[in-house]
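Written out below as structure tokens is the structure these notes cover.
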Amino acid sequence: MKRFLILCLGSIAFANATHKITIKEDRVEAGQIFHLQLQIPLKELPQNRSTPRLKTRNDFKLLGLDSAKNPMTYEALTTAHAGHRITVDTAQIYTFQVKAPQKTGQFDLGSLSWKVNGKQSIISDKYQVTISRPYSAPALEASMTSSKQRVYEGEQFGISFELHSYENCMGVLGSDSVDFGNNFTSYRNDNLKTESKSFGNHESLTTIPFAWWLIPNKSGTLEIPAYKFKYTSKSEPKTVKEEKQVNGHTYTSTRTTQEHVEKEAFTAPIFITVLPLPTRSRPTDFSGMVGSYKFKVSFDRTKIKIGESLTLIINISGDGAIGKITNPKLPDLSDFRWELPEIDINERIEDTKVITTKDIKMALYPRNAGTFKIPAITYSWFNPSKKKYEKASAGPWTIEVE
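Per my numbering, numbering of the sequence shown is gapless, rising by one per residue and ending at 407.
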């Protein structure tokens with residue numbers, strides 16, 4: 006009965022014992038080795054005890070236990086005298102060598118336990134560890150996506166970027182000009198609207214939608230080359246030791262420095278499948294345009310007098326080639342003389358596409374009085390979303406000249 010009481014008191018005494026769990030390193034990085042230390046004052050150590058056991062969780066890996074038999078000293082903190090360090094105590098320090106998982110964030114490392122007087126005893130049920138991204142890892146990751154994987158020759162599509170920055174990224178400096186070669190006609194978006202999301206530990210994800218629009222100039226499997234971004238990264242901390250002579254005495258101090266280094270992040274290239282335009286059902290007056298188009302033709306008036314002019318107005322708009330629209334084929338206008346047409350071409354961004362608009366104005370002067378028939382004017386294009394050729398027609402018109 007007396008022995009049982011002593012064992013119980015021993016277990017209770019350890020339950021109230023002062024123990025300290027710390028990590029030796031200032032920072033735990035993903036995939037790297039660190040050291041977990043368990044400190045217990047020698048005067049509070051149970052005599053009949055086993056070696057502490059660390060049971061890991063969340064993909065932490067125990068590599069070994071060091072310093073299990075070598076007592077070390079540590080300075081114990083006390084609240085006496087306004088919190089000054091006033092005592093030095095001798096402690097048993099158990100050092101566990103652990104490898105961190107390949108992920109970042111805060112995770113439960115696991116539990117510490119041992120046997121005291123033959124009974125299993127929990128030292129700590131869990132211990133939270135914050136895992137950071139290694140300074141040696143890239144501070145910026147870039148990716149590129151295409152709005153379409155299969156397009157027709159001449160069809161417009163866009164490419165977007167995502168920039169994932171980490172805590173050691175000090176800022177994105179920009180990107181170099183990219184050469185898309187002869188495979189594509191490119192159009193840069195000068196009105197970028199970025200979207201950013203922030204995460205813990207100074208991580209952020211920036212999306213740059215439709216940074217470029219491309220139009221393939223030929224069919225086949227075409228490569229969009231890797232895109233490069235420049236950024237500034239914070240290097241791994243370095244401890245610098247400095248000595249200073251003052252009145253014949255040498256004073257030593259240390260400081261931690263981190264350099265800012267310019268680096269580059271590359272996206273992976275993208276491969277696009279470009280289909281040739283179908284030859285079946287191709288109109289004889291095919292304009293060569295690929296996309297969704299609108300076509301309008303009108304005259305400012307249909308009754309005039311000799312010496313006066315009427316204006317032929319043509320409006321074509323669509324999301325095919327950017328800044329380029331071919332002219333429609335005009336009917337026989339030999340009954341009129343005309344001046345060089347006024348042509349105005351504009352581009353605008355509408356949702357996720359670039360719309361090109363072409364306005365043509367041409368003044369016509371009748372050669373003689375009478376009634377003249379102007380045949381219909383047509384325009385045809387290939388619509389990739391419908392996978393077929395389309396045609397629009399306006400007219401005919403009757404012009405009366407007095």
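Heads up, the beta-carbon is just placed ideally off N, CA and C, and yes, glycines get one too.
Excluding sequence positions up to five before and after Val-302, its CB lies within less than 6 angstroms of the CB of Ile-319, Ile-382 and Ala-399, all in the same chain and listed in chain order. Only exposed fits Thr-261, as fewer than 16 other CB atoms lie within 10 angstroms of its CB.
Runs of the alpha helix (DSSP H) lying entirely within the segment 214-257 and spanning at least 4 residues: none are present.
By the neighbour-count criterion, in which a residue is buried when 16 or more other Cβ atoms sit within 10 angstroms of its Cβ, Asn-173 is buried.
The beta carbon of Pro-288 sits closer than 7 angstroms to the beta carbons of Ser-385, Tyr-394 and Lys-396 from its chain, once the five residues preceding and following it are set aside; these are given in chain order. Residue pairing by DSSP puts Pro-46 in a beta bridge opposite Ala-96. Around the CB of Lys-358, 16 or more other CB atoms lie within 10 Å, so the residue is classed as buried. Contact annotation: the segment 133-153 does not touch the segment 330-338, with fewer than three C-beta pairs closer than 8 angstroms. If you draw a straight line from the Cα of Pro-57 to the Cα of Thr-100, it comes to about 10 angstroms. Non-local beta-carbon contacts of Phe-65 in its own chain, meaning distances under 8 angstroms to residues more than five positions away in sequence, involve Val-103, Lys-104, Ala-105, Pro-106, Phe-112, Leu-114, Gly-115 and Val-134 in chain order. Annotation: Ser-182 to Lys-223 spans about 22 angstroms, alpha carbon to alpha carbon.
Short of 7 angstroms from the beta carbon of His-24, and not among the five residues preceding or following it, lie these beta carbons of its own chain, in chain order: Leu-43, Gln-44, Ile-45 and Ile-128. Within the same chain, Met-294, Gly-296, Ser-297, Tyr-298, Lys-299, Ile-330, Ile-360, Thr-361 and Trp-386 come within 8 angstroms of Gly-323 by CB-CB distance, once the 5 residues on both sides are set aside. Considering only Ile-404, Ile-277 and Pro-401, the residue with the shortest C-alpha distance to Arg-155 is Ile-277.
Under the DSSP assignment, Gly-163 falls in the beta strand (DSSP E) whose first and last residues are 162-170. Ranked by Cα distance from Phe-162, the first of Ile-379, Asp-184 and Ile-327 is Ile-327. Under DSSP, Asn-351 forms a beta bridge with Thr-362. Between Asn-194 and Phe-166, the gap from beta carbon to beta carbon reaches 8 angstroms or more. Counting C-beta atoms within 10 angstroms of its own C-beta, Gly-312 has fewer than 16 neighbours from the protein chains shown and is therefore classed as exposed. Per the C-alpha coordinates, the member of Lys-60, Leu-59, Glu-49 and Glu-208 positioned closest to Gln-97 is Glu-49. Three or more Cβ pairs closer than 8 angstroms define a contact, and the segment 237-250 falls short of that threshold against the segment 198-214. In its chain, beyond the 5 residues on either side, Pro-221, Asn-222, Lys-223 and Leu-227 have a beta carbon closer than 7 angstroms to the beta carbon of Asn-188. DSSP, reduced to helix, strand and coil, places Leu-178 within a strand of the structure shown. In the three-state reduction of the DSSP assignment, Asn-188 falls in the coil class, being assigned neither a helical nor a strand state. DSSP places Asp-113 in the strand class (E or B) of the three-state scheme. The beta-carbon separation of Leu-315 and Leu-338, rounded to 11 angstroms, does not stay under the 8 angstroms limit for a contact. When rounded, the separation of the alpha-carbon atoms in Glu-30 and Phe-39 is 7 angstroms. Collapsing the DSSP output to three states places Thr-211 in a strand.
With respect to Pro-401, Pro-380 sits close: the two C-beta atoms are nearer than 8 angstroms.
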